[in-house]
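There are 2 protein chains.
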Amino acid sequence: MELQLQIKMNEKLFLRNPELSELGKKIILHSIQLIYKSGFESFTFKKLAEYIGTTEAGIYRYFENKHRLLIYIAAWYWSWLEYRISFHTNNIKDPLRKLKNIIHLLATPVEDDIKTGHVNENILHEIIIAEGSKVYLTRHVSEDNSDQLFKPYKDLCAKIGQVILECNPKYKYPKSLASTIIEMAHFQNFFMHHLPALTDFGKHKDEKKIVAFLEDLVFSSIKKG
Amino acid sequence: MELQLQIKMNEKLFLRNPELSELGKKIILHSIQLIYKSGFESFTFKKLAEYIGTTEAGIYRYFENKHRLLIYIAAWYWSWLEYRISFHTNNIKDPLRKLKNIIHLLATPVEDDIKTGHVNENILHEIIIAEGSKVYLTRHVSEDNSDQLFKPYKDLCAKIGQVILECNPKYKYPKSLASTIIEMAHFQNFFMHHLPALTDFGKHKDEKKIVAFLEDLVFSSIKKG
DNA sequence: TTCTAAATGATAGTATTACTATCTCATAGA
DNA sequence: TCTATGAGATAGTAATACTATCATTTAGAA
């Protein structure tokens with residue numbers, strides 16, 4: 001049995017759907033690689049075009065600009081994460097167990113469990129850690145939000161918030177706690193690797209410590225009393 | 226009695242010290258205003274030069290590039306925050322009380338208490354909320370870190386971590402919790418205003434709710450037991 | 001088989017950005 | 001009066017972020 005996960009993306013994310021053509025799939029695959037290698041700031045459509053052997057104009061047929069492409073990549077990541085969470089918490093009764101699994105999925109490197117073809121999920125995870133917040137920290141957040149570009153993030157947050165409420169229906173900040181877990185899973189990872197003084201994980205570079213920190217944070221917060 | 230706070234900045238942050246000349250002070254004051262108005266992405270030295278009636282080359286005498294200027298601004302903000310925290314927690318014995326004050330200082334708009342001359346602290350706070358993480362989310366974090374450009378942030382984090390340890394000497398993640406408070410004070414504010422679905426603060430736009438959330442988060446985490 | 005539309009390639013051009021270089025001028029202090 | 005410093009003026013360059021146009025391939029419909 002060979003299964004492939006296909007994620008349906010919001011039409012406003014692109015000018016032409018990159019999933020439906022060869023060049024489109026190349027753009028996604030290789031933009032992720034290039035951003036991973038040199039960072040989003042130094043990433044240009046010209047470099048990408050040279051990298052995959054096409055022209056700048058060719059890329060512009062798919063994406064308005066590089067920021068839209070980043071939003072696309074992030075939206076894909078969030079959708080994929082939500083799917084993985086559904087998959088890995090399915091049939092689990094205990095909401096605390098569910099939440100543990102979620103924290104684990106957010107904070108540890110991807111064990112490439114669910115195949116998605118033209119995307120390297122491990123590299124993608126690294127990109128989102130380093131570039132993820134740039135997706136919405138812009139002057140046009142609100143327009144982008146109206147265009148539903150962040151829906152996958154909001155859905156993910158809502159889903160985690162739901163599980164938090166299952167753990168403790170009286171907890172007052174399920175969504176804020178959910179967004180805190182998501183952001184901190186990424187930020188503490190970034191800090192651990194690049195600004196270790198901002199963490200207690202030292203030079204160990206061990207993601208399990210981040211999981212332990214987040215579990216402590218979350219479970220003491222939602223504990224009843 | 227007229228007092229003015231002067232913050233000593235790391236020499237590597239600039240090419241020429243902007244505090245020591247008229248143009249320099251104008252650059253700081255007006256760059257903050259311009260970034261506030263249109264965001265860091267659309268901010269250029271050319272626009273800044275026109276805005277303050279000088280030339281592009283003039284600005285480049287003070288700062289290597291606009292990112293260095295942003296780091297300068299952020300470093301100033303972090304130093305200033307640490308000073309305010311010292312000021313407002315001074316002579317308080319109860320560490321829990323101290324921590325409450327710190328959360329309040331981080332998460333609510335500035336009551337312009339300590340004058341600093343050529344900087345508008347309220348606008349500065351807004352900028353850091355929206356642009357703060359761009360300061361270190363780059364490919365050159367590590368070099369910048371070696372140049373001690375983030376020392377004010379690390380000092381701030383260490384100071385808050387200290388207070389956390391005073392509250393509970395056995396708490397295992399004082400620095401990670403400190404960086405979490407700092408980042409979330411900013412992010413939850415940004416989310417509240419621009420992506421409210423990621424928070425539980427709805428359309429109220431009331432910073433006190435962020436304070437309540439952070440207090441709940443922090444105090445349940447460091448509670449002994 | 002022919003026709004057509006969609007995808008891609010090839011080339012060119014523009015405005016803006018991100019700088020660097022150089023020369024002049026004012027002025028404050030020694 | 002000399003001189004260093006700050007700052008204005010001007011010029012120029014490489015890269016970035018696009019837009020426009022035209023030609024070619026190819027797969028499916030008529």
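Here the protein sequences come in this chain order: H and S.
Numbering of the first sequence is given in the working numbering, commencing with residue 1 and proceeding in unit increments.
Numbering of the second sequence is given in the working numbering, commencing with residue 226 and proceeding in unit increments.
Backbone N, C-alpha and C define an ideal beta-carbon position, used for all residues, glycine too.
From a predicted model like this one, the values you see are computed outputs, not experimental measurements.
Problem - At least 3 beta-carbon pairs within less than 8 angstroms: the segment 172–187 of chain H vs the segment 412–426 of chain S - result: yes
Exercise for the section: Note the first and the last residue of the continuous alpha helix (DSSP H) segment covering S/S256. Expected result: The count along the second sequence starts at 1 and reaches residue 256 of chain S at position 31. Here the alpha helix (DSSP H) through S/S256 covers 247–263.
Problem - Reduced DSSP secondary structure (H/G/I, E/B, other) of H/P109 - result: Counting from one through the first sequence, the residue named residue 109 of chain H turns up at place 109. In the structure shown, the three-state DSSP call for H/P109 is coil.
Handout entry: From H/V211, H/K154, H/G161, residue whose alpha carbon lies closest to that of H/A74
Key = Numbered from its first residue, the first sequence carries residue 74 of chain H at position 74. When only C-alpha atoms are compared, the closest one is H/K154.
Practice task
Measure the C-alpha to C-alpha separation of H/M9 and S/K323 and round it to an integer number of angstroms.
Solution key: Walking along the first sequence from the start, residue 9 of chain H turns up at place 9. Walking along the second sequence from the start, residue 323 of chain S turns up at place 98. Computed Cα separation, rounded: 47 angstroms.
Practice task
Please name the residue, chosen from S/M417, S/K395, S/Y396, S/P394, that lies closest to H/T180 on a Cα-to-Cα basis.
Solution key: What you label residue 180 of chain H is simply residue 180 of the first sequence in a count that begins at 1. Minimum Cα distance to H/T180 is reached at S/M417.
Exercise for the section: Classify S/Y285 as buried or exposed, calling it buried when 16 or more other Cβ atoms lie within 10 Å of its own Cβ. Expected result: Working through the second sequence from its first residue, we reach residue 285 of chain S at position 60. Result: exposed.
Exercise for the section: At 8 angstroms on the CB atoms, spell out the chain S contacts of H/K223, in chain order. Expected result: Residue 223 of chain H sits at position 223 when you count from the first residue of the first sequence. Residues of chain S passing the Cβ test: S445.
Practice task
Figure out for me which residue from H/L34, H/V211, H/K151 has the closest Cα to the Cα of H/S79.
Solution key: Within the first sequence, the letter at position 79 stands for residue 79 of chain H. Selected option, being the one with the closest Cα: H/K151.
Exercise for the section: Just the C-alpha distance for H/E294 and H/A57, rounded to the nearest angstrom, thanks. Expected result: Nothing can be reported for residue 294 of chain H, as the shown portion of chain H is limited to 1 through 225.
Practice task
Please check if any C-beta of chain S sits within less than 7 angstroms of the C-beta of H/G39.
Solution key: Here residue 39 of chain H refers to the residue found at position 39 of the first sequence. Answer yes: the Cβ-Cβ gap between H/G39 and chain S drops below 7 angstroms somewhere.
Problem - Whole-Å CB distance - H/H194 paired with S/V366, under 8 angstroms assumed - result: To locate residue 194 of chain H, count along the first sequence from 1; it is residue 194. To locate residue 366 of chain S, count along the second sequence from 1; it is residue 141. The Cβ separation is near 4 angstroms, so the contact holds.
Problem - S/I354 vs S/N414 beta-carbon contact at 7 angstroms - result: Here the question's residue 354 of chain S lines up with position 129 in the second sequence. Here the question's residue 414 of chain S lines up with position 189 in the second sequence. For S/I354 and S/N414, yes; Cβs fall inside 7 angstroms.
Practice task
Within 10 angstroms of the Cβ of H/H125, are there 16 or more other Cβ atoms? Answer buried if so, exposed if not.
Solution key: The count along the first sequence starts at 1 and reaches residue 125 of chain H at position 125. Under this definition H/H125 is a buried residue.
Problem - Continuous alpha helix (DSSP H) stretch holding H/H140: start and end - result: Numbered from its first residue, the first sequence carries residue 140 of chain H at position 140. Segment: none, H/H140 is in no alpha helix (DSSP H) and carries neither H nor E.
Handout entry: S/D190 - containing alpha helix (DSSP H), residue span
Key = Look at the range of chain S in this structure, 226 to 450, and you will see that residue 190 of chain S is not part of it.
Handout entry: Test: S/E408 CB closer than 7 angstroms to a CB of chain H
Key = One-based indexing of the second sequence puts residue 408 of chain S at position 183. Chain H, which has a Cβ nearer than 7 angstroms to the Cβ of S/E408, makes this yes.
Problem - Counted within 10 angstroms of its Cβ, other Cβ atoms place H/C161 as buried (16 or more) or exposed - result: Here residue 161 of chain H refers to the residue found at position 161 when the first sequence is read from its first residue. Going by the sequence as given, residue 161 of chain H is Gly instead of Cys. Looking at its Cβ environment, which holds 16 or more other Cβ atoms inside 10 Å, H/G161 is buried.
Practice task
Would you kindly work out how many angstroms separate the C-alpha atoms of H/L15 and S/K395, rounded to a whole number?
Solution key: Residue mapping note: residue 15 of chain H aligns to position 15 of the first sequence, counting from 1. Residue mapping note: residue 395 of chain S aligns to position 170 of the second sequence, counting from 1. Straight-line spacing of the CA atoms in H/L15 and S/K395 works out to 54 angstroms.
Problem - Neighbourhood of H/Y266 by C-beta distance below 6 angstroms, restricted to the same chain and skipping five residues each side - result: Because chain H spans 1 through 225 in this model, residue 266 of chain H falls outside it and cannot be assessed.
Handout entry: Under the three-state DSSP convention, the category H/P18 falls into
Key = Counted from its first residue, the first sequence places residue 18 of chain H at position 18. Three-state result, H/P18: helix.
Exercise for the section: Report the option in H/L23, H/H186, H/L5, H/H204 whose CA atom is closest to the CA atom of H/P109. Expected result: Translated into positions along the first sequence, residue 109 of chain H becomes position 109. The shortest C-alpha separation from H/P109 is found at H/H186.
Handout entry: For H/R61, the three-state DSSP class (helix, strand or coil)
Key = One-based indexing of the first sequence puts residue 61 of chain H at position 61. In this structure, H/R61 counts as coil in the three-state DSSP scheme.
Problem - C-beta neighbour in chain S for H/T54, strict 7 angstroms - result: Taking the first sequence and counting its residues from 1, one reaches residue 54 of chain H at position 54. No, because no Cβ of chain S sits closer than 7 angstroms to the Cβ of H/T54.
Handout entry: Inter-residue Cα distance where the pair is H/L134 and S/S246
Key = Within the first sequence, residue 134 of chain H is the residue found at index 134, counting from 1. Within the second sequence, residue 246 of chain S is the residue found at index 21, counting from 1. The question names Leu, yet the displayed sequence has Lys at residue 134 of chain H. Rounded to the nearest angstrom, the two C-alpha atoms are 34 angstroms apart.
Problem - Option nearest H/C157 by Cα separation, candidates H/Y62, H/Y83, H/S221 - result: If you number the first sequence from 1, residue 157 of chain H lands on position 157. Here the closest residue by C-alpha is H/Y83.
Problem - S/Q413 - containing alpha helix (DSSP H), residue span - result: As a first step, residue 413 of chain S must be located in the second sequence, where it is residue number 188. Looking at the DSSP string, the run of the alpha helix (DSSP H) that includes S/Q413 is 399–419.
Problem - Same chain only: Cβ atoms within 8 angstroms of H/H104, ignoring 5 sequence neighbours per side - result: Mapped onto the first sequence, residue 104 of chain H falls at position 104. Closer than 8 angstroms at the Cβ level, and outside the excluded window around H/H104, lie V211.
Practice task
Find the nearest neighbour of H/N168 within the set H/K25, H/D94, H/K46, judged by alpha-carbon distance.
Solution key: Position 168 of the first sequence, counted from the start, is the residue given in the question as residue 168 of chain H. Closest by alpha carbon: H/D94.
Exercise for the section: Could you tell me how far apart the beta carbons of H/K26 and H/I52 are, in whole angstroms, since I believe they sit closer than 8 angstroms? Expected result: Residue mapping note: residue 26 of chain H aligns to position 26 of the first sequence, counting from 1. Residue mapping note: residue 52 of chain H aligns to position 52 of the first sequence, counting from 1. With a contact defined as Cβ atoms closer than 8 angstroms, H/K26 and H/I52 qualify at about 5 angstroms.
Problem - Spatial distance of S/E432 from S/F444 (CA atoms) - result: Along the second sequence, read from residue 1 onward, the residue named residue 432 of chain S stands at position 207. Along the second sequence, read from residue 1 onward, the residue named residue 444 of chain S stands at position 219. Distance between the alpha carbons of S/E432 and S/F444: 18 angstroms.
Exercise for the section: Provide the residue span of the alpha helix (DSSP H) that contains S/V344, from first to last. Expected result: Indexing the second sequence from 1 puts residue 344 of chain S at position 119. Premise fails: S/V344 is in no alpha helix (DSSP H) and is neither H nor E.
Exercise for the section: Taking all protein chains shown into account, decide if H/K46 is buried (16 or more other Cβ within 10 angstroms of its Cβ) or exposed. Expected result: In the first sequence, residue 46 of chain H corresponds to position 46, counting from 1. Exposed: under 16 other Cβ atoms inside 10 Å.
Exercise for the section: Identify the contact partners of S/R364 in chain H, using a Cβ-Cβ distance below 8 angstroms as the criterion. Expected result: Indexing the second sequence from 1 puts residue 364 of chain S at position 139. Those are S38, G39, E41, S42, listed as they occur along chain H.
Handout entry: Endpoints, alpha helix (DSSP H) assigned at H/I71
Key = The residue you call residue 71 of chain H lines up with position 71 of the first sequence. Here the alpha helix (DSSP H) through H/I71 covers 66–89.
Handout entry: CA-to-CA distance, S/L331 to S/N315, given in whole angstroms
Key = Along the second sequence, read from residue 1 onward, the residue named residue 315 of chain S stands at position 90. Along the second sequence, read from residue 1 onward, the residue named residue 331 of chain S stands at position 106. Using only the alpha carbons, I get a separation of about 16 angstroms.
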